[in-house]
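Have a look at the structure below, then the notes.
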Amino acid sequence: MTKTNLNRRSFLQVTALAGGGVLFGLYPKAAALAQGARGAQASLQPSSFISIASNGLVTITAKNPETGQHARNMLPMMIAEELDVEWKDIKIVRADLDAKYGSQFSGGSTATPGNWEPMRQIGGAARHMLIAAAAQTWGVAESECSTASGRVIHKASNRSLGYGELASKAATMPVPDLKSLKLKDPKDYKIIGKTTIGAETKDVVMGKPIFGIDVTVPGMLYATFQKCPVYGGKAVSANLDAIKAMKGVKHAFIVEGQPITGNFMTSDPGLEPGVAIVADSWWAAQSAREKLEVKWDEGKWATQNSVDIAKKADEISKQPAARTLRKDGDVEAVYKSGAKVVEGAYIYPFISHAPLEPQNCTAHFQDGKMEIWATSQTPQNGRGMVSRILGIPENNITIHLVRGGGGFGRRLNNDYMCEAAWISKTVGAPVKLLWTREDDMQHDYFRPGGFQYLKGAVDSNGKLVAWQDHFIGYGDGERFTASGNIDGGEFPARFVPNFLMQSSVMPLGLKTGALRAPRSNVYAWVFQSFIDELAHAAGKDPVQFRLDLLSSGTPGGMNAERMIGVVKLVAEKSGWGQRKLPKGTAMGIGFHFSHQGYFAQVAEVTVLANKKIKVNKVWSAGDIGSQIINPGAAENQTQGAVVDGMSELLQEISLKNGRVVQSNYHQHPMLKMSQTPPIEVHFIKSNNSPTGLGEPALPPILPAVCNAIFTATGERIRTLPITKQGFSFA
Amino acid sequence: MIKLKVNGVNRQFDGDPEMPLLWYLRDDLDLKGAKFGCGMGLCGACTVHLNGKTVRACSTPVSAAANAAITTVEGLSSDGTHPVQVAWQELDVPQCGYCQAGQIMSACALLAKNPKPTDADIDTAMNGNLCRCGTYLRVRAAIHKAAELTASNTTKPATKPVAKTSRAGANLLPRNSGKK
Ligand code: FES
Ligand code: FES
Numbered sequence: 001m002t003k004t005n006l007n008r009r010s011f012l013q014v015t016a017l018a019g020g021g022v023l024f025g026l027y028p029k030a031a032a033l034a035q036g037a038r039g040a041q042a043s044l045q046p047s048s049f050i051s052i053a054s055n056g057l058v059t060i061t062a063k064n065p066e067t068g069q070h071a072r073n074m075l076p077m078m079i080a081e082e083l084d085v086e087w088k089d090i091k092i093v094r095a096d097l098d099a100k101y102g103s104q105f106s107g108g109s110t111a112t113p114g115n116w117e118p119m120r121q122i123g124g125a126a127r128h129m130l131i132a133a134a135a136q137t138w139g140v141a142e143s144e145c146s147t148a149s150g151r152v153i154h155k156a157s158n159r160s161l162g163y164g165e166l167a168s169k170a171a172t173m174p175v176p177d178l179k180s181l182k183l184k185d186p187k188d189y190k191i192i193g194k195t196t197i198g199a200e201t202k203d204v205v206m207g208k209p210i211f212g213i214d215v216t217v218p219g220m221l222y223a224t225f226q227k228c229p230v231y232g233g234k235a236v237s238a239n240l241d242a243i244k245a246m247k248g249v250k251h252a253f254i255v256e257g258q259p260i261t262g263n264f265m266t267s268d269p270g271l272e273p274g275v276a277i278v279a280d281s282w283w284a285a286q287s288a289r290e291k292l293e294v295k296w297d298e299g300k301w302a303t304q305n306s307v308d309i310a311k312k313a314d315e316i317s318k319q320p321a322a323r324t325l326r327k328d329g330d331v332e333a334v335y336k337s338g339a340k341v342v343e344g345a346y347i348y349p350f351i352s353h354a355p356l357e358p359q360n361c362t363a364h365f366q367d368g369k370m371e372i373w374a375t376s377q378t379p380q381n382g383r384g385m386v387s388r389i390l391g392i393p394e395n396n397i398t399i400h401l402v403r404g405g406g407g408f409g410r411r412l413n414n415d416y417m418c419e420a421a422w423i424s425k426t427v428g429a430p431v432k433l434l435w436t437r438e439d440d441m442q443h444d445y446f447r448p449g450g451f452q453y454l455k456g457a458v459d460s461n462g463k464l465v466a467w468q469d470h471f472i473g474y475g476d477g478e479r480f481t482a483s484g485n486i487d488g489g490e491f492p493a494r495f496v497p498n499f500l501m502q503s504s505v506m507p508l509g510l511k512t513g514a515l516r517a518p519r520s521n522v523y524a525w526v527f528q529s530f531i532d533e534l535a536h537a538a539g540k541d542p543v544q545f546r547l548d549l550l551s552s553g554t555p556g557g558m559n560a561e562r563m564i565g566v567v568k569l570v571a572e573k574s575g576w577g578q579r580k581l582p583k584g585t586a587m588g589i590g591f592h593f594s595h596q597g598y599f600a601q602v603a604e605v606t607v608l609a610n611k612k613i614k615v616n617k618v619w620s621a622g623d624i625g626s627q628i629i630n631p632g633a634a635e636n637q638t639q640g641a642v643v644d645g646m647s648e649l650l651q652e653i654s655l656k657n658g659r660v661v662q663s664n665y666h667q668h669p670m671l672k673m674s675q676t677p678p679i680e681v682h683f684i685k686s687n688n689s690p691t692g693l694g695e696p697a698l699p700p701i702l703p704a705v706c707n708a709i710f711t712a713t714g715e716r717i718r719t720l721p722i723t724k725q726g727f728s729f730a
Numbered sequence: 001m002i003k004l005k006v007n008g009v010n011r012q013f014d015g016d017p018e019m020p021l022l023w024y025l026r027d028d029l030d031l032k033g034a035k036f037g038c039g040m041g042l043c044g045a046c047t048v049h050l051n052g053k054t055v056r057a058c059s060t061p062v063s064a065a066a067n068a069a070i071t072t073v074e075g076l077s078s079d080g081t082h083p084v085q086v087a088w089q090e091l092d093v094p095q096c097g098y099c100q101a102g103q104i105m106s107a108c109a110l111l112a113k114n115p116k117p118t119d120a121d122i123d124t125a126m127n128g129n130l131c132r133c134g135t136y137l138r139v140r141a142a143i144h145k146a147a148e149l150t151a152s153n154t155t156k157p158a159t160k161p162v163a164k165t166s167r168a169g170a171n172l173l174p175r176n177s178g179k180k
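Top to bottom, those sequences are chains A and B.
Residue numbering for the first sequence is 1 to 730, as defined by the working numbering.
Residue numbering for the second sequence is 1 to 180, as defined by the working numbering.
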């Protein structure tokens, strides 16, 4: 066994496998230290690995959860490239949650930037050791050897050996110094930058049982869980005896819950109270639930209404803001100087993640051990919560990572996991908990709504000289509700000499959380719409106004050059200002920087009778670094982000008497095929390390569409959903 | 007692006749292809064929399938080689994949009656199938691709029994669908 340091966080260890294979494992250093302290070094497991069997089969373990971003392809692609094997010859296996894999997390567009170096290094190191093994076998210099398609080649003597044949010897070679390890020149890439088909695409099209909802365990029962429709409410009593007498019902009981009370700033509130019904089929449990009568203690939020919240925000907007987050120059002085002043109140609602697969989880408690099958994007957090709430040590909890039918941030939370685990432990049997769509929509961690009161000014040259935002959101004192925060650095901070960002918060009895491109998904709409207002006030072309603005920044944060690049590219590709458009048709632009990605999008929109909107076409330009690792998947992600963003223009979650009003897709719509425009996807390959794509392609489309509507109609959309102002998609 | 045929296999059901077909397929027959998305006929994730026509299994009681032939995505092929499945793989349509069985079943039903659909035909036929991940452009392209694959199959000499049919697009009908 040999090992070497890889970087600050991990080291590489190589182990001979029984039967002549070799295992290259990447080990988390933190875990190694912890293990070392307990003197159990031998049981340490790799954080991700390649194994090469003596028959040449290369297996790569994909450690991250998959909810549709093709992460399960991408990480193995990086490894396979540097290992120099054919993509078709490798087998990808799914990892369970295990400390040995280090961080297993899907979210924040982190998979690419976090793995780009280590995944290529582990592949490159393995290749190096296979070369060393071959060179020693043949008695030639390593430098005379090359690799191709899973073989080491000695050209001079026309000899070659397959990786499988070299595996056992490779295990005895010294591990190379990774700092001096030469990785491939990108121009030689055969896998990175070429489209690969999703590892599970075939299973998907065949209807194979690969999703969370498909899990079955022998002897499994089915559960439904009714929570109080008002946040924080508790079940006092229920007609449990009547429910238990119903066909198929095995158990019905009240769950007290272990909420992390009074802390709505945390997105994971622990185990919420409710009533569980467990039956021999889900339909039986659900049918019984329709007869369930619960007396709730609705708690203190039972009078919460969206209309009152909006009134309160309006009142607050007339008072001085509670906090100042950033102040540059003096906006007031500019307003008095005779500059052209524009004001606008931007209002946006809570919205739901609504992934197509409702939350579900299967749990099996037996002999003090908990086994869980979950679609969580953060299985480590889930295990921690289950451990705390049920009092089971973490090492007695196994979590199988099952494909999720969409995540969008919803599966960053583990409420359903706590519920399933609790119910299984209570009834002493394996249980599949499945929420209805209504449960999913009404007990979400909503994208926070908010109110932003903007004021800005352009001088006589049409230059943006003042920008002021009073952000009114939710929270307590200096704290914002989860994913409802704002800071002073939001664009156009640093690009406008007189800048004032202030905030006030209101209390809220509702869970909130991260939705795909959290904060950005709606702040881009606010900022890029208001920039458009100022561009029109200045009498400038909206693209030119943005380019001028981007050229006036001071250093720090976003790289303005990269943003200028994508704005110019999208203007060029869309023929901005070059085509004569018929009356009622116009183009709009938006750009946004988030999750290290630079995106600009243009929408061409026709407004028909009755304010029906047809989006004719969308152009997207992005800069996420030097490589688009899987171009086909990148195009799919980007188009999906545009569709998702357009859907968000239609969505709203509102509150009445403490309850979420919307319950299913008819009240929280998403775009349909007939409403989906052609979406042209372009990337700039810049000289920067590759970054993620799951999120940053979404935010610009919202303002791009609304800005086009303004140009076409003269009506500015300052309230979402667009239906509030009478607009809808044709 | 309800008798029906599912993917060519005769079945008998003596449970609650009001139970939606979806739960019979998924939980009794262990055919997990059809998915639960909304339970209200709003999303199309549960789409299956009843005598060759699409139905939303979440809101179709088992009683409505009495004496009918049901086809689920599992009934299209045993190896993913149905032309629609092939097209879907070639274009790598899925993101999360959850809606795709429903999309595929709607696509098959469309192609069976309209072997060369236009974009507008496709939009009309597919508008009830929502995709939360927004793969619509690829779904549409894959339907065109499947139409091409099928057309080129049927013009070739009949090597497979399925190509012997005179009805264009008939090999897009899954095995065992249609009235029996
Ligand atoms: S689950 Fe049947 S239409 Fe949505
Ligand atoms: S691929 Fe995710 S819902 Fe369609």
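Ideal placement from N, C-alpha and C gives every residue a C-beta, glycine not left out.
To which residues does DSSP link residue i through a beta bridge?
{"i": "E680 of chain A", "result": "A:W619"}
{"i": "Y453 of chain A", "result": "A:A345 and A:H470"}
{"i": "K318 of chain A", "result": "None, per the DSSP bridge assignment."}
{"i": "N10 of chain B", "result": "B:K5"}
{"i": "N498 of chain A", "result": "A:A466"}
{"i": "Y98 of chain B", "result": "Answer is none; Y98 of chain B lacks a bridge partner."}
{"i": "Y598 of chain A", "result": "A:F593 and A:D623"}
{"i": "D79 of chain B", "result": "Beta-bridge pairing links D79 of chain B to no other residue."}
{"i": "H49 of chain B", "result": "B:T54 and B:T71"}
If we cut at 7 Å on Cβ distances, does residue i have a partner in chain A?
{"i": "G41 of chain B", "result": "no"}
{"i": "C99 of chain B", "result": "yes"}
{"i": "C133 of chain B", "result": "yes"}
{"i": "Q89 of chain B", "result": "yes"}
{"i": "Q12 of chain B", "result": "no"}
Check whether the Cβ of residue i sits closer than 6 Å to any heavy atom of ligand 1, and report yes or no.
{"i": "G41 of chain B", "result": "yes"}
{"i": "F36 of chain B", "result": "yes"}
{"i": "A65 of chain B", "result": "no"}
{"i": "C44 of chain B", "result": "Inspection of the sequence shows that residue 44 of chain B is occupied by Gly rather than by Cys. True, at least one ligand heavy atom lies under 6 Å from that Cβ."}
{"i": "R56 of chain B", "result": "yes"}
Would residue i pass as an interface residue toward chain B - the criterion being a Cβ-Cβ separation below 7 Å?
{"i": "N664 of chain A", "result": "yes"}
{"i": "K672 of chain A", "result": "yes"}
{"i": "T224 of chain A", "result": "no"}
{"i": "E343 of chain A", "result": "no"}
{"i": "M74 of chain A", "result": "no"}
{"i": "V739 of chain A", "result": "Past the boundaries of the shown model lies residue 739 of chain A; chain A is included only from 1 to 730, so the question cannot be answered."}
{"i": "V236 of chain A", "result": "no"}
{"i": "I624 of chain A", "result": "no"}
{"i": "T201 of chain A", "result": "yes"}
Spatial neighbours of residue i within its chain, please: C-beta separation below 6 Å, excluding the five flanking residues on both sides.
{"i": "L454 of chain A", "result": "G344, D469 and F530"}
{"i": "K685 of chain A", "result": "S626"}
{"i": "I347 of chain A", "result": "F451 and T719"}
Leaving out the 5 sequence neighbours to the left and right, which residues in its chain are closer than 8 Å to residue i when beta-carbon positions are compared?
{"i": "A284 of chain A", "result": "Y222, M246, K247, G248 and V249"}
Regarding residue i and ligand 2, is the C-beta to nearest heavy atom distance less than 6 Å?
{"i": "Q544 of chain A", "result": "no"}
{"i": "P94 of chain B", "result": "yes"}
{"i": "G428 of chain A", "result": "no"}
{"i": "T135 of chain B", "result": "yes"}
{"i": "G406 of chain A", "result": "yes"}
{"i": "G97 of chain B", "result": "yes"}
I'd like the list of long-range same chain contacts for residue i, defined as Cβ closer than 7 Å, with 5 residues on each side in sequence excluded.
{"i": "E695 of chain A", "result": "S109, R516, A517, S594 and H595"}
Segments assigned beta strand (DSSP E), at least 3 residues, entirely inside the stretch 121–198 of chain A = The DSSP assignment places complete beta strand (DSSP E) segments of no fewer than 3 residues inside the stretch 121–198 of chain A at 145–148, 151–154 and 159–162, in order along the chain.
Where are the beta strand (DSSP E) runs, 3 residues long or more, that stay fully inside the stretch 354–412 of chain A, in chain order?
-> The stretch 354–412 of chain A is shown to contain whole beta strand (DSSP E) runs of 3 or more residues at 360–366, 369–374 and 397–401, in chain order.
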